[in-house]
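Going left to right, the sequence shown walks through residues -25 to -1, 1 to 85 as mature numbering (1 follows the signal peptide of the UniProt record, and there is no 0) numbers them.
Down below is the structure, laid out as structure tokens.
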Amino acid sequence: MKKLLSWIIAAIAILSFSLSTPALAGDAGAGAGVFSANCAACHAGGKNLVNPTKTLSKADLEKYGMNTLEAIVTQVSNGKAAMPRFLGKLNDQQIEDVSAYVLEQAEKGW
């Protein structure tokens, strides 16, 4: 009975790991093109033409809690205030790529 229970627990653990959501991994190189085509009109050089106090600088990303890949993915996907949502216009990989690009550029100082 203990052996059967051990097998069931092991199977549940393996299943839960294999069905879990994969970690976000964006390609910043590919994200540069996505940014240029979809974001640069308002965010050229990491600026924000609509709200100049909320740039894509590292300091502002940290200040507004947008300094993780997950946070930026959520912002790009769902939009907020004047920023439109890109979910549906961009696929999941493009959103992850552009988010990785934004983080990378912020680290470099744009």
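Glycine included, every Cβ here is placed at the ideal spot set by N, Cα and C.
For Phe10, the enclosing alpha helix (DSSP H) stretches over residues 3 to 13. The beta-carbon separation of Val73 and Cys17, rounded to 13 Å, does not stay under the 8 Å limit for a contact. Nearest to Leu62 by alpha-carbon distance, out of Ala56, Ala75, Val48, is Val48.
It is roughly 6 Å from the alpha-carbon of Arg60 to the alpha-carbon of Val51.
Taking C-beta atoms under 8 Å as the contact rule, Ala(-1) and Glu71 qualify, at a distance of about 7 Å. Our two residues, Leu24 and Gly6, have alpha carbons roughly 20 Å apart in a direct line.
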